[in-house]
Structures are given as C-alpha cells and as structure tokens.
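Here the structure comes first, spelled out in structure tokens, and everything after it is commentary.
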Amino acid sequence: MSVARQYDREFVRTFFTTPTAVEGEDDSAKMLRSAAQLRGIKAPDVWVPDNEDATAPSMREEGAQNIREVVAEHGAEFPGEIHPRVVWHRESPSTRYQGFQQMLTIADPDGSGEHIDGFVVPEVGDIDDWKKADEALTVVEHEHGLEEGSLSMSVIVESGEAELAMGDLRAEMGKPSNNLERMFLLVDGEVDYTKDMRAMTPTGELPPWPELRHNTSRGASAAGLVAVDGPYDDIRDVEGYRDRMQDNRAKGMTGIWSLTPNQVEVANTAPLPPESGSWLLEVGDREIELEATDDRHVYDGDDLSLEESGEGYVLRVDGDERDLDEEGLHEELLGRTSYIPSMDDIVDSMEEFEAAKEAGKGAIAMTQSATLDIDGVTVDISKDRMWDEATYQAAQTPIMLFQDVYEHRPDQHDALADKYGADLVERATDVGK
C-alpha cells in the first residue's frame, strides 16, 4: 500500500529549467526574467531556475543572486511552483557545501525566499546522501526562521545508487531523525545515469531506459511522490516528445522535463483528455487514427483494403487476402479497432456509473459503436465493456489530473474552457467527488 501524499499536488506535467546567469549578456538574468513572466498554458507547473548544469560554474554565484532578485520581483505572480536546482554531488563534500550555501542565499526571506517552494538536488547517491541534503535544508530553514519541513526537496535520479535508494525511501520517511516527508519529485536524469552505468549505443544516442522510468514511477507511487521523466533534447521533434510522454503515462509517469517554452506548452496539454474521441485501426504493426467524417470513421491508406464480393467481403491486409461473411468481418474489425475516449466520453461514463451505483447496481455495460468506412464500404461495429468499481477508478485518473490542474492552475481556466467548453469543465470538476 502506498503511503499518504505529503504534498498538495498529485500531478506535475512540466518541469522547466532555465539558466540562472548567462555570460556575456548585459543582463545575465535575462532568461530568468523571461521565464518568470510566462503565464497560462505556456507556464510550467514547476519552474526550475537551474544553477547547476544549465549555468556555467563561473556564473553560479551570480546565478544564485539572480534567482534572489528575479523571484523577489516576479515570484508572487508566477502561476506555478518555483524549485531552484542547486549544485550537489554524492562524492564531493565541497560541492555539497556549495549547494548548501546556494540554498542559504536563495531561501533568504529578505530576498526571494517567501516565493521559493523547494529545491531540486542533483547527483544524489544512496539514501544516506538524501538525508544529508534533507539535513542541509533543515539547517537553512533554521537559519532563516522558517518552519521545519516547509521547503520541499526533489532529487534527480542519475546514478545506480540513487535508483536503488528509491527502494529505501518509503521506510525512511517519517522517522524522527529526518524530515524526508518534505520530498516532492523524483526526476530522472538519463544523461548522467547513462554515464554512471557506462552504457553505450552504436550511434552515441542515449538508451531509452524504460526500466529506470518504470522504477522511478514505482518509487514515487510507493512513497506518495510525483515522478518526472528527464529531458528530451531533440527540441524540434515534437512528435517524438509526445510519443515519449505517451509511453511514460502508461508507466504512471505524467511529468516530463521541458527545455523550451514550446516543450512546456506541448507537455502541459498532452496529458489532458482529448476534446473529441477517435477510433484507431490496427494495420500491420501500427495503429492508424481514422478520420471522422459525417458520422463515419474513414480509413484512407494503402495497407488495408476492403471490397464487397457476392454475399461476403474480401479483406486484404499486408498481402494477406481473406474472404469473410458479415459476422466474420465484424469480428475481424472489432479485433483491429480501439477507441480513445474524449473528455466528454469519460465524464459521461463516470456519471452513468455513479447513477447506476446509487441505484444499487455493482456493474453495468457501456457500449461503444461506430461506422467504419474502408474503400467506400461501410461496416457498423459495436462493443460492450463492463464497468465496475475498479474500471471506474482506473478511468478516473485522467479526470483527477484535470481536476488537479484546475485547482492549482487558475491561470489556465480560460484555456481549459476554450478547449472543452464551460459546461463540460464544470461537470469534469464535479464528477468523482
């Protein structure tokens, strides 16, 4: 059983890093100032002024001061949370001390401190190293007169030690000897993880590390935290970024690192339920989204064909030809199709199940139907899915995400109303409660 969450947010979609000081600029904090003024769907859930990898070592002292200045000026109006990344390293006491000094500077209530929600700690090692970072934050809180545990702590998992430490975290949280209840995010850092694991690929590209992403999501679930994937550095590959997020969500990992404002916007919208439902048709090893036209769902491709023949049909797929009667064709297409429900579909189904449950029914059948159009031949298909309490709770996850966004990001209310309509937004915020 998972431990209770200690943090208000159950979902984080975007983890956006910004250099804290850029050498050679008249205003070294120009990128911080720009990021601090992002609003609406362009603003991240978590903004990370990055005083580690994104900032040159020679500029980090100035970077800490820039964070103080910019967050003091803009932090009150920033719609997301602010979690600066400081330097840290499991094998370097001097680096850890530098990180502690940066925390002291940034968390000072006379500067930016009142708007700082927590800190991101990179390059952590085993669970004892996590405790050192937690202790550093406790000292910072004491030095600035802050309530103990008021600053959250997120870590970047970029070593085998840190990966194994996730398995120890749940047992350590809540002990009187530490304040690890302050933990918030577990963030994958695949670049340094690849280096630590001495992994190699023929092209030099990063391995996909599905095991790390699964382990991080599992560790977050067990400890009541939030899992975030690492950076997707091909910033022009929007579809690849979307595919990565879709794969992550199947693992229970909603959040992802964003390197640019464009990635922020994509990652903020991708996990939300779609405005309209769509049917997919399996063709070979791909699923093709059918085009919705005049109450029909049309396949327009060359890898599958269908024609009428006498009292039956001829279906050709990947060079394989099959003669089917009406029932056989129906069953074949049922096996090849799947449906992506819209926000309205999900809310409708949840409301219908809630009404049935109030009427004393434990399970009901939900019917999905469509008219497929393949080469001008139309075929009606329908399938029933049984809904019980477990199905209802599984379907609730995208609605819980929407509700979490609606609660914590009022600056996105207008965008959500434009996307779904005010009536559906109201229903979606009420259902399941």
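First residue of the sequence shown? That's 174 in our numbering, and the numbers climb one at a time after it. Note that CB positions come from ideal geometry on N, CA and C, so glycine has one too. Keep in mind the model is a prediction, meaning the values are calculated, not measured.
When DSSP reads this structure, D493 sits in a beta bridge with V490. Looking at the DSSP output, Q541 sits in a beta bridge with K556. Judged by DSSP secondary structure, E481 falls within the beta strand (DSSP E) whose first and last residues are 477-482. Under the three-state reduction of DSSP, F251 is assigned to coil, being neither helix nor strand.
Annotation for R489: S478 place their beta carbon closer than 6 Å to its own, counting only its chain and skipping 5 residues before and after. Of the candidates F526, S542, L545, A543, the residue whose Cα lies closest to the Cα of A536 is F526. Between the alpha carbons of D521 and E448 lies a distance of about 13 Å. In its chain, beyond the 5 residues on either side, R469, T551, D553 have a beta carbon closer than 6 Å to the beta carbon of T544. Listed in chain order, the beta strand (DSSP E) elements of length 3 or more contained wholly in the stretch 422-486 are 428-431, 451-456, 459-462, 464-466, 469-472, 477-482. Between the C-alpha atoms of G450 and A568 there is a straight-line separation of about 15 Å.
Under the three-pair Cβ rule at 8 Å, the stretch 451-469 does not count as touching the stretch 211-225. In this structure, G377 lies away from V399, with their beta-carbon atoms at least 9 Å apart. Boundaries around G340 are those of the alpha helix (DSSP H), 333-345, since no beta strand (DSSP E) includes it.
Around the CB of Q419, fewer than 16 other CB atoms lie within 10 Å, so the residue is classed as exposed.
Between D218 and E254, the C-beta gap is smaller than 9 Å, which places the two residues in contact.
In the displayed model, W220 falls within a strand according to three-state DSSP.
Across the structure, G322 and V221 are spaced so that their CA atoms are roughly 19 Å apart.
Bridge partners of V330 according to DSSP: D361. Contact annotation: E242 and A202 have beta-carbon atoms nearer than 9 Å. Taking C-beta separations shorter than 7 Å and ignoring five residues to either side along the sequence, the partners of L379 in its chain run E363, V364, T367, following chain order. Taken atom to atom, the span from the alpha-carbon of N351 to that of A601 is near 39 Å. Rounded to whole angstroms, the separation of the alpha carbons of T442 and E225 is 28 Å.
DSSP places P192 in no alpha helix (DSSP H) but in the uninterrupted beta strand (DSSP E) bounded by 187-192. D301: member of the alpha helix (DSSP H) spanning 300-316, first to last residue. DSSP, reduced to helix, strand and coil, places I519 within a helical segment of the structure shown.
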